[in-house]
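Below: one structure, written as structure tokens.
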Amino acid sequence: MHIADYKKFDVLNGKGLRNSLFTSGCTHHCKGCFNAATWNFAYGVPYTREFEDQVIADLQVEDIRVAGLSILGGEPFQNVDGLLGLVRRVRAECPGKDIWIWSGYTFEEILADASRTELLAYCDVLIDGRFMLERRNLKLKWRGSENQRVLDVRESLRERAAVWLKSERDGL
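Everything in the sequence shown is counted per the UniProt record's numbering, starting at 1 for the first residue and increasing by one.
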């Protein structure tokens, strides 16, 4: 797995002050994608244990309240093997930190694949669905097009159906 970018103390990708990890590689190739450079699975730098240790340390900073980790792409669910160790460590070593993840796959498509579902189970919020240029809406929080959803992962997995994050149902 390669890392396209990593932003410490980011306020754009999820609720609160966050650390945002952008994975490389995506086969969706959405027209109008804001991050098309990350389609290449070899873009950026290789993911290493040292990098993972740094992400964990950045989430544990004591004098700054970091809400959690955001995972974007590329397509994170095309990098499941590389991300599972990280999200497991976040859960074990960073109590109180949430995990947001963005995907071109829908919740329903993720559920159809056991390995993707395993990764999803470690997350709290899923922004799902491919970006659709013809449905772009620049007023939406945390998503680029009106077909995308901001989902409460725990509730969605419990219900086995997509459940909007309560605070985000209206999306503006």
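Just so you know, even glycine gets a beta-carbon here, dropped at the ideal spot from N, CA and C.
- When DSSP states are grouped into helix, strand and coil, A36 belongs to the helix group.
- In the structure shown, the three-state DSSP call for R136 is strand.
- Only residues of its own chain outside the window of five on either side were considered, and among them F9, D10, V11, I64, R65, V66, A67 have a CB closer than 8 angstroms to the CB of L17, listed in chain order.
- Taking all protein chains in view, the Cβ of F107 is crowded by 16 or more other Cβ atoms within 10 Å, so the residue is classified as buried.
- Three or more beta-carbon pairs drawn from the region 124-144 and the region 88-107 are found closer than 8 angstroms, and the two stretches are therefore classed as touching.
- One Cα belongs to L86, the other to L111, and the distance between them is close to 20 angstroms.
- Rounded to whole angstroms, the gap between the alpha carbons of E62 and C94 is 11 angstroms.
- If you draw a 10 Å sphere on the C-beta of S115, you find fewer than 16 other C-beta atoms in it, and that means exposed.
- Rounded to the nearest whole angstrom, the CA to CA distance from Y47 to I56 is 14 angstroms.
- Residue state for G68 is assigned as strand, using DSSP reduced to three classes.
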